[in-house]
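As structure tokens, the structure follows; a few thoughts come after it.
As structure tokens, this is what we get:
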């Protein structure tokens, strides 16, 4: 079973319904060249990071008849599919790279490290942890040249961007604040969030 995800990876043209159909066809062709006759089912659900959608798969495909599931979701989706169908081998079809934004057609850039200690309120909505090659949270290093990063001169220095944004917002006083060291203890993995009000509402 080639199992697609209709949300993030679909938008990225990496793992949605169309890509699942292409992958299934490619697999059939490759196996045919090796004289292997293999039935390949394909199905795309709304989200693989949500158990209720995964549980709908059996209504369309008999998972018990499948030798394995090839998931085109991100790593979170692959793991949840593996939890739901723990009696089946679940393989990732993609490599999850980062949490990013679309910059233009076919271009995505990383914007968040999910560090659980957000500083965006102090830095004009620009994340130094992610955008700065060194992850500096209290101003630029000594290697800035003409607003460019010394690690990659093609990229703007994160702290130059932050300064310009804060100046535009009339909040340059924020540059004088010392941000505390990152609380890496809150990054304990695997992380878990329990939203009690949400649970009460939907129980």
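Numbering (the working numbering), first residue to last: 133 to 335. Beta carbons: idealized from backbone N, C-alpha and C, even for Gly. Just so it is clear, the structure is predicted and the values come from calculations on it, not from any experiment.
Tell me, please, whether the region 172-187 touches the region 208-221 by the rule of three or more beta-carbon pairs shorter than 8 Å.
-> yes
Put residue 162 into one of helix, strand or coil per three-state DSSP.
-> In the structure shown, residue 162 sits in a helix (DSSP, three-state: H, G or I).
Based on the DSSP output, what are the partners of residue 280 in its beta bridges?
-> 277, 288
Contact between the region 241-254 and the region 281-289 (3+ Cβ pairs under 8 Å) | no
Rank 251, 219, 196 by C-alpha distance to the C-alpha of residue 313 and give the top, closest one.
-> 251
8 Å Cβ shell around residue 305 - same chain, five flanking residues per side excluded = Excluding sequence neighbours, residue 305 sits near nothing in its chain.
Residue 327 versus residue 335: straight-line alpha-carbon distance, rounded = Distance between the alpha carbons of residue 327 and residue 335: 12 Å.
Residue 277 versus residue 290 - alpha carbon distance | Near 12 Å, if we compare the C-alpha coordinates of residue 290 and residue 277.
Would you mind sorting residue 236 into buried or exposed? The rule is 16 or more other CB atoms within 10 Å of its CB.
-> exposed
At which residue ranges does the region 192-261 contain complete beta strand (DSSP E) runs of 3 or more residues, listed in the order of the chain?
-> 200-203, 221-224, 231-236, 239-244
Give a yes or no on whether the C-beta atoms belonging to residue 198 and residue 133 are separated by under 8 Å.
-> yes
Cβ distance (whole Å) where residue 270 is taken to contact residue 310 below 8 Å | 6 Å
Within 10 angstroms of the Cβ of residue 330, are there 16 or more other Cβ atoms? Answer buried if so, exposed if not.
-> It is exposed - the Cβ of residue 330 has fewer than 16 other Cβ atoms within 10 Å.
Alpha carbon to alpha carbon, what distance is there between residue 239 and residue 168?
-> 37 Å
Proximal residues to residue 286 (C-beta, below 7 Å), its chain only, five neighbours per side dropped | none
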